[in-house]
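Asker:
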Amino acid sequence: MRDNGRVSTEPPPTSSQETSPATAPDPDAATPADPAKTGPALPPRRVVVVAAVAVLALALDILTKAWVVADLEGRPPIVLLGGLVYFDVIRNSGAAFSMATGMTWVLSLIALAVVVAIAWIAPRLRSVGWAIGLGLVLAGALGNLIDRLFRAPSPLQGHVVDFISLRWNGQPIFAVFNVADSCICVGGALIVLLAALGREYDGGLSKRARAAASSATGTDPE
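Note that our numbering numbers the sequence shown so that position 18 is 1509, with each residue one more than the last.
Right under this line is the structure:
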């Protein structure tokens, strides 16, 4: 620049629009995750539901077995509801409702696999119904597994304590069972019902349920 006939050696002023090196974006910096791509965070409360249901049902199974072993084993059964229900202790080496008798170690391994599978799927749950059903199944699997691990005659060969007998005119009409067996059946039935209704474990609808809903409303299922 010229000033009174002299050439200025000062550098020209920089534009306010130019980016300072200190504020220039770092090309190597990690970009924030896109919620549309990563999806919403999984709600931990479903895991809490599974754990709460499992703990309560398992505690009921353990307490009832401890009571009948201490007070009823080797004694006359307790008769309830005019003879429809008997509390009569037996030792079962099979599965629920006295099935697969003599395959205790195989059933123990199956129960372990069920526990691992439920632990794997629990963090992915978004359905309360599925959480309740899986919590009941988990309690039932653990309840009978505890018997097989710690009761006589040996670990993985222990006999399960069953004591609930349904009868008609004094004759059994159903295999003797326990609280754990009931939990497995009720939880399994709930899961089957939810699946039949198209309710997925992640809280969404199955393709069949979405198609049915779209045909009822005349909208595109996608």
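Built from N, CA and C at the ideal position, the CB exists for glycine as well.
Give the range of the beta strand (DSSP E) segment to which residue 1715 is assigned.
Answerer: There is simply no residue 1715 to check, as the chain begins at 1492 and stops at 1713 in what is shown.
Asker: Reducing DSSP to helix, strand and coil, say where residue 1625 ends up.
Answerer: For residue 1625, the secondary structure class from DSSP, reduced to helix, strand or coil, is helix.
Asker: Measuring CA to CA, which of 1570, 1578, 1610, 1666 is closest to residue 1556?
Answerer: 1578
Asker: Could you spell out where the alpha helix (DSSP H) holding residue 1673 opens and where it closes?
Answerer: 1670 to 1687
Asker: With a 10 Å radius around its C-beta and 16 neighbouring C-beta atoms as the bar for buried, classify residue 1573 as buried or exposed.
Answerer: exposed
Asker: Quick check: what's the CA-CA separation for residue 1659 versus residue 1568?
Answerer: 15 Å
Asker: Can you tell me whether residue 1641 is buried or exposed? The criterion is at least 16 other CB atoms within 10 Å of its CB, across all chains shown.
Answerer: exposed
Asker: Should residue 1621 be labelled buried (16 or more other beta-carbon atoms within 10 Å of its own) or exposed?
Answerer: It is buried - the Cβ of residue 1621 has at least 16 other Cβ atoms within 10 Å.
Asker: Go through its chain and collect everything with a Cβ distance to residue 1623's Cβ below 7 Å, but skip five positions before and after it.
Answerer: Excluding positions up to five away in sequence, the list reads 1540, 1544, 1681.
Asker: Give me, in chain order, the residues of the same chain whose beta-carbon lies closer than 6 Å to that of residue 1616; leave out the 5 immediate sequence neighbours on both sides.
Answerer: 1537, 1622, 1692
Asker: Locate the beta strand (DSSP E) running through residue 1655, then write down its first and last residues.
Answerer: 1651 to 1659
Asker: For residue 1618, is the classification buried or exposed, using 16 other Cβ atoms within 10 angstroms of its Cβ as the cut-off for buried?
Answerer: buried
Asker: If you run the structure through DSSP and keep just helix, strand and coil, what is residue 1690?
Answerer: Three-state result, residue 1690: strand.
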